[in-house]
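Everything below concerns the one structure shown next.
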Amino acid sequence: MAKTYDYLFKLLLIGDSGVGKTCALFRFSEDAFNATFISTIAAGEQRGGSTEDVKLSSVTEEKAVGFGLSAGRIDFKIRTIELDGKRIKLQIWDTAGQERFRTITTAYYRGAMGIMLVYDITNEKSFENIRNWVRNIEEHASPDVEKMILGNKCDANDKRQVSREQGEKLAASFGIKFMETSAKANINIENAFFTLARDIKAKMDKKLEGNSPQGSNQGVKITQDQQKKSSFFRCVLL
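Heads up: the sequence shown is residues 770 to 1007, going by the working numbering.
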């Protein structure tokens, strides 16, 4: 069967339990919000259906050891988007509550090309723990993985404990991008995922162009049209 995509990117959602990672994942992949996904702990619940470009997969407890996790499930969703005329298949992994046990290790990070660090703007502790999550990433993930910090639940401004300026300052200290988002109100979720995918693609294209000799047909087969790269990316929702 012919491939229906040009790139495959593995993305991770990292952050304290209850910050809305699962809600953000479902908002992006299915344009849906369900408050019961908050503070996911892998209770074996049934989750939504699938379409051609939005699919759900679960890794059961028996297979969890292979991913460096001790129990529960690891869920991921798939959505295919388009950037600059290329189809990008995003495989987005949700820790499904494992962050409570601090069991996220190298096996989980393996192959990740982009990581979203998520905190809750109404929970200062989750913001403070972003530094710990960055440290965890530095210990276990690839050194060139793309990162972005998301201040989630920005619709709950009346309960805010972390200012936008604090989030921007923290992200700047690590040299990464920052956005405030709301899965509930659908604020910046789409923008965040497209931005991270765009940055990954730009970095990949630059590496491939630098490493591939002129006229060579070797290398990554999914990126054959290397000569018509643009500095602008057109986002199309499928």
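C-beta atoms are modelled at their ideal positions from N, C-alpha and C, and glycine is treated no differently.
Since the model is a prediction, treat every value here as computed from it, not as a measurement.
Compute the distance between the beta-carbons of residue i and residue j, then report whether it is under 8 Å.
i           : j           : result
residue 884 : residue 798 : no
residue 903 : residue 947 : no
residue 876 : residue 914 : no
residue 852 : residue 938 : no
residue 921 : residue 968 : no
Do you know offhand how far residue i's Cα is from residue j's?
i           : j           : result
residue 774 : residue 849 : 8 Å
residue 780 : residue 954 : 22 Å
residue 856 : residue 777 : 9 Å
residue 895 : residue 771 : 43 Å
residue 891 : residue 925 : 7 Å
residue 978 : residue 893 : 43 Å
residue 796 : residue 864 : 16 Å
residue 935 : residue 949 : 11 Å
residue 940 : residue 980 : 30 Å
residue 792 : residue 917 : 17 Å
residue 911 : residue 957 : 26 Å
residue 975 : residue 965 : 16 Å
residue 952 : residue 844 : 18 Å
residue 909 : residue 804 : 31 Å
residue 789 : residue 800 : 14 Å
Helix, strand or coil for residue i, going by three-state DSSP, please let me know.
i           : result
residue 887 : strand
residue 945 : coil
residue 986 : Only weak support is given to the placement of residue 986: the predicted model assigns it a pLDDT of 38, under 50, and the value that follows is read from those uncertain coordinates. Three-state result, residue 986: coil.
residue 790 : helix
residue 979 : helix
residue 810 : Low confidence applies here, because residue 810 scores a pLDDT of 42, under 50, leaving its location unreliable; read the following figure in that light. It is coil, neither helix nor strand.
residue 802 : coil
residue 774 : coil
residue 864 : coil
residue 856 : strand
residue 879 : coil
Per the contact definition of three or more C-beta pairs closer than 8 Å, is the stretch 776 to 789 in contact with the stretch 888 to 905?
The stretch 888 to 905, when compared against the stretch 776 to 789, does touch it at the 8 Å Cβ threshold.
If you pair each beta-carbon of the stretch 958 to 970 with each one of the stretch 927 to 941, do three or more pairs fall below 8 Å?
Per the Cβ contact rule, the stretch 958 to 970 is not in contact with the stretch 927 to 941 (fewer than 3 Cβ pairs under 8 Å).
Fully enclosed by the stretch 891 to 955, which beta strand (DSSP E) runs are 3 residues long or longer?
915 to 921 and 946 to 949, all fully within the stretch 891 to 955.
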